[in-house]
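Residue numbers (my numbering): 135 to 384.
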Amino acid sequence: MREIVHLQAGQCGNQIGAKFWQVISEEHGIDPTGKYQGTSDLQLERINVYYNEASASRSGNCGKYVPRAILLDLEPGTMESVRSGVYGELFRPDNFVFGQSGAGNNWAKGHYTEGAELVDAVLDVVRKEAENCDCLQGFQLTHSLGGGTGSGLGTLLISKIREEYPDRIMNTYSVMPSPKVSDTVVEPYNATLSVHQLVENTDESYCIDNEALYDICFRTLKLSNPTYGDLNHLVSLTMSGVTTCLRFPG
135 MREIVHLQAG QCGNQIGAKF WQVISEEHGI DPTGKYQGTS DLQLERINVY
185 YNEASASRSG NCGKYVPRAI LLDLEPGTME SVRSGVYGEL FRPDNFVFGQ
235 SGAGNNWAKG HYTEGAELVD AVLDVVRKEA ENCDCLQGFQ LTHSLGGGTG
285 SGLGTLLISK IREEYPDRIM NTYSVMPSPK VSDTVVEPYN ATLSVHQLVE
335 NTDESYCIDN EALYDICFRT LKLSNPTYGD LNHLVSLTMS GVTTCLRFPG
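So, in structure tokens, the structure goes:
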């Protein structure tokens, strides 16, 4: 089976990633505790691409399905919100890797100082997940390019994984900053520094534009006041669509 290891970095990456796992778990019939509750054999045929099957119970019931996901951030806040979310119990507790200081929307903190201190711990988890695969297909990362962690630590991690697994595919879902939907004034700098790294070290990057997402919410979905939750849901549906041919036979 061609497995994919999923990484999510920073606040934006973790929120989009959590939504993505919720969407594909529903598609595969996996409930929030990791048990299969689906109705079709097709849901399980290629489930191992994104999920590990934990040990089955003695009564012969199938075991628990655990996402091949690694969640990372430089502050614990986002991790807590993912953990306390609907599908929070789904993830392996060992695969949450976080610092305490935060990156403060500073790319250099994520890439050279705080992030560099955390990256070895993340790589240990990456190796462990890769060793659990029969035939690793590649990696996918969800992150934003406007903050400090997703852009700085995200690109550092990509370059380290590239060194260690040069022949595996590296794919990113990168949320681009936009002047209309801006949190901080340094977003263009963070994005510029990140894009250079993505060009060097990734095989494909899906560039997600916040402004375009807002336009879809306003014009197509007729939402008068879209929240980040709405935008994230839109992104996760796109990710689900892009990965359908990897997750189902045919």
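Where is the CB? At the ideal position from N, CA and C, for every residue including glycine.
Name the two residues that bound the continuous beta strand (DSSP E) containing residue i.
i: Thr-212; result: Here Thr-212 belongs to no beta strand (DSSP E); instead the alpha helix (DSSP H) covers 211-217.
i: Gly-272; result: 269-278
i: Ile-181; result: Counting along the chain, Ile-181 falls outside any beta strand (DSSP E), and DSSP gives it neither H nor E.
i: Asn-305; result: 303-310
i: Pro-383; result: Where Pro-383 is concerned, there is no enclosing beta strand (DSSP E), given that its DSSP letter is neither H nor E.
i: Pro-313; result: Run containing Pro-313: none; DSSP gives neither H nor E here.
At which residues does the alpha helix (DSSP H) containing residue i begin and terminate?
i: Gln-145; result: 144-162
i: Asn-344; result: 344-349
i: Pro-322; result: 321-335
i: Val-259; result: 248-265
i: Leu-290; result: 288-298
Going by CA-CA distance only, name the one from the options that's closest to residue i.
i: Ile-342; options: Ser-328, Gly-375, Tyr-307; result: Tyr-307
i: Asp-258; options: Val-200, Ala-346, Tyr-246, Lys-294; result: Lys-294
i: Glu-223; options: Ala-242, Tyr-199, Lys-243, Gly-172; result: Tyr-199
i: Ala-237; options: Pro-313, Ser-285, Arg-296; result: Ser-285
i: Ser-235; options: Leu-205, Thr-283, Glu-214, Ser-189; result: Thr-283
i: Ser-189; options: Lys-169, His-277, Glu-248; result: Lys-169
What is the DSSP secondary structure of residue i, reduced to helix, strand or coil?
i: Val-139; result: strand
i: Leu-357; result: coil
i: Leu-229; result: Looking at the sequence itself, residue 229 is Asn, so the reference to Leu does not match. DSSP places Asn-229 in helix when its eight states are reduced to three.
i: Asp-165; result: coil
i: Tyr-221; result: coil
i: Ser-339; result: strand
i: Val-376; result: helix
i: Val-369; result: helix
i: Ala-242; result: helix
i: Leu-208; result: coil
i: Tyr-170; result: strand
Less than 8 Å between the beta carbons of residue i and residue j, yes or no?
i: Glu-263; j: Arg-202; result: yes
i: Asn-239; j: Thr-318; result: yes
i: Leu-208; j: Phe-232; result: yes
i: Leu-291; j: Ala-250; result: no
i: Asn-324; j: Gly-280; result: yes
Would you say the beta carbon of residue i is closer than 7 Å to some non-hydrogen atom of the ligand MN?
i: Leu-206; result: Of the ligands one can find in the structure shown there are none, so the ligand MN has no counterpart to examine.
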